[in-house]
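Q: Residue numbers (our numbering), protein chains in the order written: chain A, 13 to 121; chain B, 13 to 121; chain C, 13 to 121; chain D, 13 to 121; chain E, 13 to 121; chain F, 13 to 121. Note that beta-carbon positions come from the ideal geometry of N, C-alpha and C, so glycine has one too. Please read all numbers here as calculations on a predicted model, not as lab measurements. Structure incoming, see below.
6 protein chains.
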Amino acid sequence: MNERILSAGNLGIKRFFALDSRAYEKGVLDDKTKEMMGLVASTVLRCSDCITYHVIRCVQEGVSDDEFFEALNVALIVGGSITIPHIRRAVDTLDQCREKQRKGRQVKL
Amino acid sequence: MNERILSAGNLGIKRFFALDSRAYEKGVLDDKTKEMMGLVASTVLRCSDCITYHVIRCVQEGVSDDEFFEALNVALIVGGSITIPHIRRAVDTLDQCREKQRKGRQVKL
Amino acid sequence: MNERILSAGNLGIKRFFALDSRAYEKGVLDDKTKEMMGLVASTVLRCSDCITYHVIRCVQEGVSDDEFFEALNVALIVGGSITIPHIRRAVDTLDQCREKQRKGRQVKL
Amino acid sequence: MNERILSAGNLGIKRFFALDSRAYEKGVLDDKTKEMMGLVASTVLRCSDCITYHVIRCVQEGVSDDEFFEALNVALIVGGSITIPHIRRAVDTLDQCREKQRKGRQVKL
Amino acid sequence: MNERILSAGNLGIKRFFALDSRAYEKGVLDDKTKEMMGLVASTVLRCSDCITYHVIRCVQEGVSDDEFFEALNVALIVGGSITIPHIRRAVDTLDQCREKQRKGRQVKL
Amino acid sequence: MNERILSAGNLGIKRFFALDSRAYEKGVLDDKTKEMMGLVASTVLRCSDCITYHVIRCVQEGVSDDEFFEALNVALIVGGSITIPHIRRAVDTLDQCREKQRKGRQVKL
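Now the structure itself:
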């Protein structure tokens with residue numbers, strides 16, 4: 013669907029998508045920290061698809077389970093109980109990633 | 013005002029305030045990372061007082077200007093142009109903190 | 013400003029303002045319960061002017077301090093730490109209302 | 013999934029879950045009033061899972077259909093037309109609960 | 013479900029539904045402009061059902077693909093990357109409408 | 013403050029600001045329609061500074077009072093009563109612009 017949107021020829025949307033990717037690339041902050049920030053931001057804003065994306069990226073960048081739960085705890089405290097359904101889904105996605113890792117399979121977006 | 017609220021005797025509110033403080037204490041993630049997460053979360057949710065608090069805490073934890081702007085860039089991309097007025101205030105608070113540091117004064121909450 | 017807006021002749025806005033007033037009038041639920049609902053809704057949505065309005069209306073309907081803090085606790089748990097600045101303002105408005113009551117003055121909108 | 017999350021050993025999350033449960037327990041306000049507040053807060057914040065939870069709890073606490081619709085009306089006026097899809101789901105859940113009650117079955121979370 | 017809700021006899025809800033329909037009727041602004049406004053508002057507030065509704069109405073009012081993407085670009089810039097999953101769904105709905113139009117079928121709500 | 017932020021050297025933020033300006037430039041949709049969309053989006057998201065900006069731009073693009081109120085009515089219906097404080101400020105800004113126009117002065121950002 014991203015390809016479909018980018019092919020529509022709207023330059024503003026195309027450029028925004030590029031900026032979006034670049035925001036999480038290593039700079040003075042490393043990818044891992046940026047992906048955890050993306051996870052926290054997506055959780056407090058309760059965006060399911062964004063959360064799934066950042067959980068997978070966090071796993072790829074080597075975020076540990078304890079780091080993951082500390083990040084989710086910040087999101088839970090900032091955003092309150094309405095984030096709980098999204099925290100459940102985040103943990104479910106994490107468990108699926110860990111399951112893949114245990115089986116020696118790659119965790120892919 | 014926090015003291016006034018805590019003195020009101022509502023146990024739930026009192027305990028929430030305690031959890032709120034603890035969420036940013038060093039765990040497997042360091043204080044600096046947690047405060048930057050708090051800054052990003054507050055910015056996408058557009059909470060002025062929370063942003064001011066986390067900017068000051070970031071400065072106290074030694075976040076550099078470049079790190080600061082990379083964190084704000086994540087917030088801007090995730091949250092869109094409606095975060096801009098809050099990003100302006102965040103940078104204004106940062107500038108005031110740096111001014112204090114240049115004069116050898118302490119940056120306090 | 014409400015009069016200015018209503019005088020502009022937009023029927024939709026005029027009718028919405030009427031529905032807004034009626035939503036808090038006594039029905040099968042009493043005014044007090046409805047005003048506390050309005051307070052909780054305004055707090056989780058972080059609307060300062062709405063919070064001030066509903067705090068005053070709650071005081072007028074005889075909401076006690078303990079009831080007030082239990083309602084705010086629900087809002088705090090649901091909405092998280094970003095509601096804290098608004099909870100501070102709500103309590104400040106409550107204190108001003110109580111001060112007026114102690115002096116035998118009327119609490120007005 | 014709650015058990016999974018609680019077993020992860022993050023104390024902050026564990027304690028938040030406890031505070032969340034306690035916020036709706038009878039205090040100076042009764043359970044019914046608190047659950048209706050939870051319903052209104054969840055509706056204006058448009059959290060589907062939270063709405064389903066509070067609708068069921070409202071039914072368990074004996075909220076009548078008329079009370080239910082007056083609470084939803086407050087949420088609709090405060091939160092606007094974007095709450096309508098969630099109000100539809102709330103009423104659908106209510107109807108399922110009433111159907112169970114008509115058949116003499118228990119309404120469970 | 014709308015009929016079910018309207019039949020419940022809550023006058024406030026009934027009247028709000030009427031105001032909601034009327035807000036998009038031709039006035040000094042035409043239907044097309046109003047539906048595009050509804051689309052932008054629904055997208056920044058990330059309401060899936062509302063977006064689907066306004067995409068279909070936009071197509072019925074003759075909004076072109078380029079106009080559609082310019083409206084979505086405004087929403088994307090204002091609301092940030094968390095609107096992307098909803099922009100994907102909006103474009104998917106648009107494609108389904110265009111497919112129907114190519115086959116000479118009517119685009120219906 | 014925008015200059016201060018742009019001078020900080022964060023390329024992502026710089027480019028976002030450029031995209032933000034371009035989103036409202038005439039394309040297949042004219043400036044006036046885009047500014048009204050910006051006004052509606054800012055109002056439902058309750059961003060004061062953004063609303064002030066778009067009200068002024070709407071006035072500069074020749075939006076009439078009736079068009080203005082129809083746009084605000086869409087925002088009010090979509091976003092609910094929590095938008096009312098922002099609608100008041102929008103109308104106040106409009107009145108200040110009209111006052112300037114009556115005195116033959118230019119309406120500037």
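#1: Below 9 Å between beta carbons is the criterion; list the residues of the stretch 86-105 of chain A that meet it against any residue of chain B, in chain order.
#2: So with CB distances below 8 Å, who are the chain F contacts of B:Asp61?
#3: State the DSSP-derived secondary structure class of C:Glu111, mapped to helix, strand or coil.
#4: Do three or more CB pairs link the stretch 38-49 of chain E to the stretch 59-79 of chain E at distances below 8 Å?
#5: Is A:Gly24 close to chain F? Criterion is C-beta to C-beta, closer than 7 Å.
#6: Are the C-beta of B:Ala122 and some C-beta of chain D separated by less than 7 Å?
#7: Does the Cβ of C:Asp32 have 16 or more other Cβ atoms within 10 Å, making it buried, or fewer, making it exposed?
#8: Starting from the beta carbon of A:Phe81, find every residue of chain D whose beta carbon is closer than 9 Å, and list them in chain order.
#9: Does the beta carbon of A:Asp32 come closer than 7 Å to any beta carbon on chain B?
#10: My output table needs one value for F:Lys120: the three-state DSSP class, helix, strand or coil.
#11: On the DSSP letters alone, give me the boundaries of the alpha helix (DSSP H) that A:Val56 sits inside.
#12: Taking Cβ positions, are C:Val119 and C:Gln72 nearer each other than 7 Å?
#13: Check for me: the alpha helix (DSSP H) holding F:Cys62 runs from which residue to which?
#14: Among residues of its own chain, excluding the 5 on either side of E:Thr95, which ones have a beta-carbon nearer than 7 Å to its beta-carbon?
#15: Any idea what DSSP makes of C:Val40, helix, strand or coil?
#16: Around the Cβ of A:Gly21, are there at least 16 other Cβ atoms within 10 angstroms (buried) or fewer (exposed)?
#17: How would you label F:Glu82, buried or exposed, when you count the other beta carbons within 10 angstroms and need 16 or more for buried?
#18: If D:Phe29 and D:Asn14 are in contact, beta carbons under 8 Å, what's the gap, nearest whole angstrom?
#19: Cβ atoms of B:Val90 and E:Gly92: under 7 Å apart, would you say?
#20: Please report how far the alpha carbon of A:Arg34 lies from the alpha carbon of F:Leu41, in whole angstroms.
#21: On the CB-based measure, 16 or more other CB atoms within 10 Å of its CB, does A:Leu84 come out buried or exposed?
#22: Taking A:Phe28 as the query, report the chain F residues whose CB atoms sit under 7 Å from its CB, ordered along the chain.
#23: Please list the partners that F:Gln57 has in chain B, where partner means a Cβ-to-Cβ separation under 7 Å.
#24: I need the straight-line Cα distance from F:Lys44 to B:Cys70, nearest angstrom please.
#25: Could you give the distance in angstroms between the alpha-carbon of D:Ile99 and the alpha-carbon of E:Arg16?
#26: Where does E:Val103 sit, in a helix, a strand or coil, going by DSSP?
#27: Under a Cβ-count criterion, where at least 16 other Cβ atoms within 10 Å of its own Cβ denotes burial, should F:Leu121 be classed as buried or exposed?
#28: By DSSP, does C:Asn14 sit in helix, in strand, or in coil?
#29: Around the C-beta of D:Gly116, are 16 or more other C-beta atoms found within 10 angstroms, so that it is buried, or is it exposed?
#30: Go ahead and pull the three-state DSSP assignment for F:Gly21.
#31: Buried or exposed for B:Gly24, please, with buried defined as at least 16 other CB atoms from any protein chain shown within 10 angstroms of its CB.
#32: Is any beta-carbon of chain A found at less than 7 Å from that of D:Met49?
A: On the basis of the coordinates in this document:
#1: Val86, Ala87, Leu88, Ile89, Val90 and Gly91
#2: Within 8 Å Cβ-Cβ: nothing; B:Asp61 doesn't reach chain F, min ~15 Å.
#3: helix
#4: yes
#5: yes
#6: Since the first residue shown for chain B is 13 and the last is 121, residue 122 of chain B is missing from the structure and cannot be characterised.
#7: buried
#8: Ile17, Ala20, Gly21, Asn22, Gly24 and Ile25
#9: yes
#10: coil
#11: Asp43 to Val56
#12: yes
#13: Ser60 to Gln72
#14: Thr55, Val56, Arg58, Ala87 and Leu88
#15: coil
#16: exposed
#17: buried
#18: 7 Å
#19: yes
#20: 29 Å
#21: buried
#22: Leu31
#23: Note on residue identity: the sequence assigns Leu, not Gln, to residue 57 of chain F. Here the neighbours are Ile94.
#24: 41 Å
#25: 11 Å
#26: helix
#27: exposed
#28: helix
#29: exposed
#30: coil
#31: buried
#32: no
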